[in-house]
Each structure stands twice: as structure tokens, then as C-alpha cells.
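Here the UniProt record's numbering is used: the sequence shown runs in plain steps of one and ends on residue 258. Built from N, CA and C at the ideal position, the CB exists for glycine as well.
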Amino acid sequence: MTKDKLTVQAIKDYLKQDLSAIDTDLVASWRLDQRQGVIKALSQYDRRLTKESERQEHIRYMNQIEADLHAKGFQYIAGVDEVGRGPLAGPVVTAAVILKPKRPLFDLRDSKQLSQVQRQNLIPLIKENSVAIAINVQDNEAIDRYNILNATKRSMMNSIKKLSPQAEYVLIDAVDLSLDIPHSSLIKGDDRVSAIAAASIIAKEYRDQIMRDYAKQYPAYGFDRNVGYGTKEHLKAIETYGPCPIHRRSFAPIKDYF
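Here is the structure:
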């Protein structure tokens, strides 16, 4: 594309392409153009630049802790997270993920910040760029037997043990574990460390599929929509039909039925 005066539409179309393909010198020349359509298009382009800059900064931030540990000589660094501590029904699921030290830097975030489509699009990227992934499930009976915190810890420990190769360092999201290998528990770790975010995405999609399957077995409770959380619809179904076999008897209001 040349610097010859172009139509507003041509400039708009050019600025919509991938940012890496845009000639910044050309863009600079258009900043002298006083046409309102061009000014608006450049404003939208600038917002895209800012958003991309923030995204790249977030990626660097999410990888910094792992990079520091790699620099200290740790090769296999696992991120561990859980999904499902709060629901009234279904299991708690944990995942442990060791990402490849040398990998493309893609944008990972806490699974709660992502839509189902975004999570499912990231799963193949996570698997492709992982050294190892392990998942553990503690069902509602285990939760009632051990309590939710201890069931979560058991699940995390089992996930870590299942990793092959074994982790040399473990980064855990906000749970203290007794491990005989170096480890750290990080508050909001799934929004600070890529490996923990990857684990949260893996665990979330795995658990959601379990709950979708349960929805077919127990259709009255809307598990495909609420994934076991105490929504108004779910609470109404419990009031109408009583608990089903996957409800957590140690949780209120389920325990009131026993």
C-alpha cells in the first residue's frame, strides 16, 4: 500500500488486519489526514494497539515466576489448581500441568475469566505445549468423608504424583500442601502463573463435562447449566425433588434432608 491518498474505507480495511502486518510509517502519514472517518479509524487502531500491548505485558507477567525458577535450574515446574470447591453437587477436580520451558507465549488466564469457547480453544494449545498433564477427581462421597478442603488437598497431591515426568518444583493456587519437593502456594496463582492458569482451564473443562454427563442422568437439576452450584433453579429443584446421589450431604442445605 502506498502513501497516495486513499479512500476512508480503504484505510479502515487496512487498519483492521493483523497488527504485525501494518506499516507504522504509513499509519503515521495518515495522522495528518483530517477526514473524520480516518480519525475514527486511527482511534480504533490505537485502542487495538493498547489492548495488544496490555495482552503482551500480561503474558510476560504470567511467565515471570516460571522463568525465574527455570533460571535457578528447575526444569519441570508444575502448576496445580482445583475447580469445584463451592458447588452443592458433583466432584472437586484438580489438574497439574508442566508446561514446556521453551514454548510460544500464548495468553493464559484464570478459567473463571474465560468463556467456554475460549477455554476449549486453549485446551489443544495447552496440551501441545505441555510436558505432562495429570487430573484427579474426588467425588461427592469423598468430599463428605474428608471435608472439602481435605478432599481438595488429596486431589492435588494425587495429581502431582501422577505427573510423568515428576515435577521438580510445584506452584499451587492458594492451598498449602505437605510436599517433599520444593513448592510455593500463591494467592490468586491462577492469575499470576501460566502453569496454574493452564491447570485451572484443564480442570474446569474436565469437571464441566462430568456435570454435563450427570445432567443426562439427573435432568431435573440443570447440572449442564449450573454445574452443581446453588443457583435459584438448582435450589428450587432440590426443594421439589430432594437431593440426588451426587449431592454433597455435608453441605447446606443438602444436609437438612438427611
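- For the set 223, 156, 92, 110, the Cα lying nearest the Cα of residue 200 is the one of 110.
- Inside the segment 75-151, DSSP marks whole beta strand (DSSP E) runs of 3 or more residues at positions 77-83, 92-99, 130-138, from first to last along the chain.
- Secondary structure of residue 33 (DSSP, three-state): coil.
- Cα atoms of residue 153 and residue 135: separation of roughly 13 Å, rounded to the nearest angstrom.
- In the three-state scheme derived from DSSP, where H, G and I count as helix and E and B as strand, residue 22 is classed as coil.
- Comparing C-alpha distances from residue 192 to each of 161, 81, 43 shows the shortest one belongs to 81.
- A residue is called buried once 16 or more other Cβ atoms fall within 10 Å of its Cβ, and residue 252, having fewer, is exposed.
- A direct Cα-Cα distance of roughly 13 Å separates residue 257 from residue 237.
- Between residue 42 and residue 31, the C-beta gap is smaller than 8 Å, which places the two residues in contact.
- If you draw a straight line from the Cα of residue 51 to the Cα of residue 130, it is about 27 Å long.
- Taking the Cα positions, residue 39 is about 29 Å away from residue 58.
- The residue among 86, 92, 18, 74 with its C-alpha nearest the C-alpha of residue 207 is 92.
- Per DSSP, reduced to three states, the secondary structure at residue 185 is strand.
- Counting along the chain, residue 8 sits inside the alpha helix (DSSP H) bounded by residues 8-15.
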